[in-house]
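Peer 1: Just passing along the structure, written as structure tokens.
Residue numbers (our numbering): 20 to 138.
Structural data, given as structure tokens:
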């Protein structure tokens, strides 16, 4: 019977060099991690949320999705983060937000640093 244990070790530990960490009868492998930041936006009066939507960015891409689902309705890239609807290039995100935002500014609600590990 084989048991598996996953350990999150500090990045500066080299299991080959620091062989005292795991006994020789144990095998190990490194998993690749991907780190990224997600920033969420809305108006001060929560117009996007009240419309049942979520607006967020990862890198320089904005995503508009349905609240409580993983369904992405639209996405677009940007060079400078849009604050008002007129800052958006003509794209599907702008088309969906134009009636929701009006003259309201987009504010950063929060930014979250995430890490995914696949193995």
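Every residue, glycine too, gets a C-beta built ideally from N, C-alpha and C.
May I have the straight-line CA-CA distance separating residue 97 from residue 124, to the nearest angstrom?
Peer 2: Taking the straight line from one Cα to the other gives about 16 Å.
Peer 1: Measure the CB-CB distance between residue 115 and residue 86 and report whether it falls below 9 Å.
Peer 2: Cβ atoms of residue 115 and residue 86: not closer than 9 Å.
Peer 1: How is the alpha helix (DSSP H) around residue 110 delimited, first residue to last?
Peer 2: Looking at the DSSP string, residue 110 is not in any alpha helix (DSSP H), and its letter there is neither H nor E.
Peer 1: Counting only the same chain and skipping the five closest in sequence on each side, list residues whose C-beta sits under 8 Å from that of residue 129.
Peer 2: Excluding residues within five positions, the ones whose Cβ falls inside 8 Å are 58 and 59.
Peer 1: Distance, Cα to Cα, residue 69 vs residue 49?
Peer 2: Between residue 69 and residue 49, the C-alpha separation is close to 43 Å.
Peer 1: Do residue 76 and residue 100 have their C-beta atoms within less than 9 Å of each other?
Peer 2: The answer is yes: Cβ separation under 9 Å.
Peer 1: When burial is assigned at 16 or more other CB atoms within 10 Å of the CB, is residue 63 buried or exposed?
Peer 2: Exposed, by the Cβ-count rule.
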